[in-house]
Structure formats: C-alpha cells, structure tokens
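One structure is given here, and the rest of the page talks about it.
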C-alpha cells in the first residue's frame, strides 16, 4: 500500500527582504525600488513513492531542499506543481526541543505536544507513563521544562513522537539526540516501529545512520532530484564519494562509477591502515620487552586479523 | 454539499478540541506565571486603573455626570477588554512561529485561545463591575440581559481585528508600536472619562465611527439609563463585528501558506 506519493512535485520558496524588515525599511525599499523578493524552486520535479513500512533517507548538502520537501509533505507549504498524496496521520518531529513552553511542567508540555500532533486526551492518558519512562524523566514530571537539560528535552520530544504511533513519521535531523545509551535506545525504537509498518522519512547528515535505518534513499541537490532508489548501499557509496570529490552524478552510470570509486577508496584506506598497523607491530616486536610486546601484538592482531588468532 | 461542509467542520472541531483546550490552559499559565496574586491580578489591575481615573477626573467631569463611577467603569471595562484581546491576538502567530513552521495545525487556533483567555478575564472584571453598579445604586432588571449582545459583538470583532493585526505583525514587526500609539488615541476618542453631549450633533455622530465607543455607549445606555438602544444601533454593531471578521478571514485565507516565509 502506498502511503506517501510525490508526483512531479515542484515547490517554490521565497526569500529576500521578507524577514524582520521594518515598515520604514519596507517603504524606503519600495520607493527606491530595491525591495526584492526572490522566488526560487526549492524543489523541482520530485518523484517518489513510499510503501507502508518504508524508511526513506533524504540526503543532500545544505540548501538541497530537504526541509522544504518535508514541509510540503506535512502540508505547511503547498507545492506549486505536481501532487503530494499522503495516507494517515503525520507526526513531524521538530528540531530538538523547539516548540515546547519553558514555563510549563514536563507533564503539561507532553500533553500540549501530543495535542499538537493530533492525539486525543484519552489516548495520551493511556500512553503518558510509557512516554515518560521511555524518556527516563520519571523524576522530573512536575519540574518546569526549563530545568531540564537539552538532552532531556530532546529525549522527551523523541519519545512523544514515537510512542504515539503515527502512520507517517518525519524526522528532521533529530535522531542524534541524547547520550550514547539513549542514541542506541532510540535507534532500536525506530527499527521497532518501522517493523510495525509505520512509514518514515529521515533527514540526516550522518551517512552511517541512513545506511543503518533506511531502505530507500532520495538524493537531492539544489532542489533537483539526483536519484531515488532502494539500493541504499550503492547510493550511499556514491553520495559519500560525492562529498569528497564534489562531482555530481548525471545518470545512473555515474552513480555506479562514483560508488565503485568510493569502494576503491575505502579499500585503499583499509590497506593503508593495515600497513601502518603492521609497521607498528614490527616496531614493537623489534624493540620491546617480551611480555608487553607480545600483549601489544596480540591486541593489534585482534583488531585487524582476528581470523589469525582463532 | 452544505451537509458535507458542516460535517467536515464538525469533524475538524472534534479533532482540534483537545488541542484548543491545551492551548487555552497554556495561555492562562503564561499569563499568571510567577505572580503571587495570580488571577486576582486581572481583577485588581482594572480596579486600580479605575481608582486613578476616578481620583483624577471626578473634579473635572464627575460633578455633572450621574453615577460617574459606573460611567467611568463602563468605559475602562470595555476598553481594557478590547486592548488586551487585540494586543495578545496580535502576537499570537509570532509567538508560536516555531510550532507553525513545523506542524500543520490551523493557525487561527492560537489566536482563538488568546481570545478565550481575554474573554474569561473580561468576565471576571464584569462581575466586579456589577458589584460596583450595585454599590452605585444602579437598578437591576431584566433589561440588563441585553448586555449579552454587545459582548458577543465585541468578542467577534476582537477576533477579526486580532486576525488582521497578527497577520500584519508577521509582515512588519514595528506594527506593535503603531498599534500602541493608535490605542492611546482610541482611548481618548472613546469618551471614557468625558461626556459627548457637549459636542455638536454632527461631532457626536462622528463618535459612532469608533466601534469601541459604540459598545461603551451601549453599556452606559443600558446600565445607567435603563434604555436598550435602537434597532439600527444593534445593526451598526453587528456590521462592525462582521466587517472586521470578514477582513480577518480573507487575510488568513490568502496568506495561510505565506506566513512561513516571514518567520
């Protein structure tokens, strides 16, 4: 079943003398005819569709139009061209802790956020304890929100968005929240809810995260769709190579080439590392005292060639 | 067609009812955070305001005006509701821009919730107003029920003006200073502490351009004189409230997806 479908989507975005311009400045600029609003295509001709249970990774350098696309999918922006169809409720996970109220308690903020995401009071009553315990904030429920650390705030934001089980979840640079332990927990949770058939969209600058979580990848660059594919390995290889060489692929062959180049680069890197480790090993064995040098040698071998020890 | 539209509306209302109540409760908390007097402050503040006016103006205008305290209070009561409601309404979109630019919820909810908390505040002050009327020897009768009409009209107009201002405020931040200035002007033009019957009939008619004065005058007419104003007067009030509401709705409809660019 298709849950998200974008057909020939084009979104225009405006910038220029719009933001925080005073009335005086506006009048002056109008009179001197220097008032300029730039309208540009933040997204051009985007085509993709997601099935239930898919996790889409949206990649691309800054200004590629990733966030604009997500805004259009949530319905905040209306595409100028093409159509976006979505099925079911959408939970957009905000950037970290924005949109919370600092003077309200954790409990009140949880309910407010839940309400914003479109859930009923009964539903939240039922889920509340689960949300709090997942965010590990049991002892802070009636503390005012500003007393929380930023890690705690984003943990709460994540818990609310994930535990209320939407049909479509949108994650904009938010998965890298909290400390290492929570990061693992949230990653596990993501995999779990995707297993339940929730459709997800993830914007991330971490390539390893996309590789790990996503089964489809959409690559954008300056509003253009470079590629959309379920061959995550290939696309991510090509993307990482692109980040190094800044060569944009024009077609599928280019992508394959980039991917191969990346694999080669990785292989070289591995060889180089192995070489330097081998040199280290040699140096230790030549110079060291017996016991400690053997120990060091074993450590290095364990890391690089475990099969030799087994 | 119409049936579907209504069904759709009801569905939407149900969907957002919980969010709306959460927003209202948030607005209340924001308003009274860290004030020891809490809710009482909202009653005390207009009373102190009234006291100052009374001390200052009784000497000049009070002697010739019967029930001068009630006369003054009618003015400050309506004016402070109008001010609070529109000033808070003006900020409602900007204050929530982080939410609006990330989650797709109807934008008017933020404005409505501000208006509800202002209305509750007004209701509190209104009860004190009636207490003062009692002390001032005002005759209470069924005609007092007519006051519901101007209150409804004013509440609708406040929403409309709030919509217009909140949209303008997104586009031009300095509108707040202009509006403050305008409110000062409006306060002096609303005959809060003086009487208008010393002016020529033409000038008196000019006062009717000011919708806030129209409401204040209605209050005074009913409470002090015990007279319910004429039918055209009711029509004028209805016209003002629907006029501003319509403009507000048109602006919101037109710029609904434009606001995001300005945050």
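Chains as they are written, first to last, in this note's numbering: chain H, 1 to 310; chain R, 1001 to 1263. All C-beta atoms, glycine included, are put in the ideal place defined by N, C-alpha and C.
Rounded C-alpha distance that separates residue i from residue j
i                       : j                       : result
residue 1227 of chain R : residue 1234 of chain R : 13 Å
residue 232 of chain H  : residue 210 of chain H  : 8 Å
residue 1239 of chain R : residue 1204 of chain R : 19 Å
residue 201 of chain H  : residue 57 of chain H   : 6 Å
residue 195 of chain H  : residue 168 of chain H  : 13 Å
residue 46 of chain H   : residue 216 of chain H  : 15 Å
residue 27 of chain H   : residue 150 of chain H  : 41 Å
residue 286 of chain H  : residue 301 of chain H  : 16 Å
residue 88 of chain H   : residue 257 of chain H  : 39 Å
residue 145 of chain H  : residue 103 of chain H  : 6 Å
residue 219 of chain H  : residue 267 of chain H  : 24 Å
residue 247 of chain H  : residue 75 of chain H   : 33 Å
residue 237 of chain H  : residue 52 of chain H   : 26 Å
residue 249 of chain H  : residue 1259 of chain R : 36 Å
residue 1077 of chain R : residue 1099 of chain R : 33 Å
residue 62 of chain H   : residue 14 of chain H   : 17 Å
residue 1081 of chain R : residue 1237 of chain R : 16 Å
residue 296 of chain H  : residue 278 of chain H  : 12 Å
residue 313 of chain H  : residue 99 of chain H   : Residue 313 of chain H lies beyond the stretch modelled for chain H, which goes from 1 to 310, so this question has no answer here.
residue 292 of chain H  : residue 128 of chain H  : 55 Å
residue 124 of chain H  : residue 111 of chain H  : 7 Å
residue 139 of chain H  : residue 72 of chain H   : 38 Å
residue 280 of chain H  : residue 294 of chain H  : 13 Å
residue 968 of chain R  : residue 1206 of chain R : With chain R covering 1001 to 1263 only, the question about residue 968 of chain R has no answer from this structure.
residue 1031 of chain R : residue 1008 of chain R : 33 Å
residue 183 of chain H  : residue 1155 of chain R : 49 Å
Other residues of its chain near residue i: CB distance less than 8 Å, five sequence neighbours each side excluded
i                       : result
residue 1265 of chain R : This structure leaves residue 1265 of chain R out entirely; chain R is present only between 1001 and 1263.
residue 18 of chain H   : 37
residue 12 of chain H   : 39, 40, 41, 42, 80
residue 109 of chain H  : 100, 101, 145, 156
residue 1137 of chain R : 1067
residue 1061 of chain R : 1068, 1193, 1194, 1195
residue 1208 of chain R : 1214, 1236
Sub-7 Å separation of residue i and residue j beta-carbons
i                       : j                       : result
residue 214 of chain H  : residue 1 of chain H    : no
residue 170 of chain H  : residue 69 of chain H   : no
residue 106 of chain H  : residue 77 of chain H   : no
residue 234 of chain H  : residue 259 of chain H  : yes
residue 82 of chain H   : residue 4 of chain H    : no
residue 1103 of chain R : residue 115 of chain H  : no
residue 1213 of chain R : residue 1190 of chain R : yes
residue 135 of chain H  : residue 165 of chain H  : no
residue 41 of chain H   : residue 187 of chain H  : no
residue 1027 of chain R : residue 22 of chain H   : no
residue 1018 of chain R : residue 120 of chain H  : yes
residue 1109 of chain R : residue 1092 of chain R : no
residue 1167 of chain R : residue 1255 of chain R : yes
residue 1113 of chain R : residue 1185 of chain R : no
residue 64 of chain H   : residue 221 of chain H  : yes
Cβ neighbours of residue i in the same chain (closer than 6 Å, five flanking residues each side left out)
i                       : result
residue 1244 of chain R : 1157, 1160, 1161
residue 85 of chain H   : 5
Candidates the options: closest to residue i by CA position
i                       : options                        : result
residue 1223 of chain R : R:1177, R:1132, R:1013, R:1172 : R:1132
residue 1088 of chain R : R:1218, R:1121, R:1009         : R:1121
residue 1149 of chain R : R:1215, R:1009, R:1075, R:1041 : R:1215
residue 163 of chain H  : H:279, H:198, H:285, H:100     : H:198
residue 59 of chain H   : H:239, H:279, H:43             : H:239
residue 314 of chain H  : H:88, H:244, H:192             : A query on residue 314 of chain H cannot be resolved here, the shown segment of chain H reaching from 1 to 310 and no further.
residue 255 of chain H  : H:227, H:99, H:266             : H:227
residue 1250 of chain R : R:1109, R:1170, R:1045, R:1164 : R:1164
residue 1067 of chain R : R:1109, R:1135, R:1002, R:1128 : R:1135
residue 180 of chain H  : H:285, H:155, H:51, H:274      : H:155
residue 1127 of chain R : R:1026, R:1032, R:1047         : R:1047
residue 1119 of chain R : R:1083, R:1099, R:1018, R:1142 : R:1083
residue 956 of chain R  : R:1115, R:1199, R:1198, R:1124 : With chain R covering only 1001 through 1263, there is no way to say anything about residue 956 of chain R.
residue 7 of chain H    : H:225, H:271, H:130            : H:225
residue 1231 of chain R : R:1146, R:1252, R:1209         : R:1146
Same chain only: Cβ atoms within 7 Å of residue i, ignoring 5 sequence neighbours per side
i                       : result
residue 1074 of chain R : 1216, 1219, 1220, 1223
residue 1247 of chain R : 1160, 1164
residue 1096 of chain R : 1110
residue 32 of chain H   : none
residue 1183 of chain R : 1083
Short CB-CB distance (under 7 Å) between residue i and chain A
i                       : result
residue 1098 of chain R : This model lacks chain A altogether; the protein chains it does include are H and R.
Item to check | Runs of alpha helix (DSSP H) wholly within the segment 15-48 of chain H (minimum 4 residues, chain order) | outcome: Counting only runs of 4+ residues, the alpha helix (DSSP H) found wholly inside the segment 15-48 of chain H occupies 23-31, in chain order.
Next on the checklist: If we require 4 or more residues per run, which alpha helix (DSSP H) segments fall completely within the segment 214-283 of chain H?
Outcome noted: With a minimum length of 4 residues, the unbroken runs of alpha helix (DSSP H) contained wholly in the segment 214-283 of chain H fall at 232-245.
Next on the checklist: Report the start-end ranges of each alpha helix (DSSP H) in the segment 1184-1252 of chain R that is 4 residues or longer and not cut off at the edges.
Outcome noted: Runs found: 1201-1206, 1211-1223.
Checklist entry - Enumerated in chain order, which unbroken segments of the alpha helix (DSSP H) with a length of 4 residues or greater are wholly contained in the segment 101-163 of chain H? => result Scanning the segment 101-163 of chain H for uninterrupted alpha helix (DSSP H) segments of 4 residues or longer gives 106-116, 121-135, 150-163, listed from N- to C-terminal end.
Next on the checklist: Extract the residue ranges of the alpha helix (DSSP H) inside the segment 1016-1061 of chain R, only unbroken runs of 4 or more that lie entirely within it.
Outcome noted: 1039-1061, all fully within the segment 1016-1061 of chain R.
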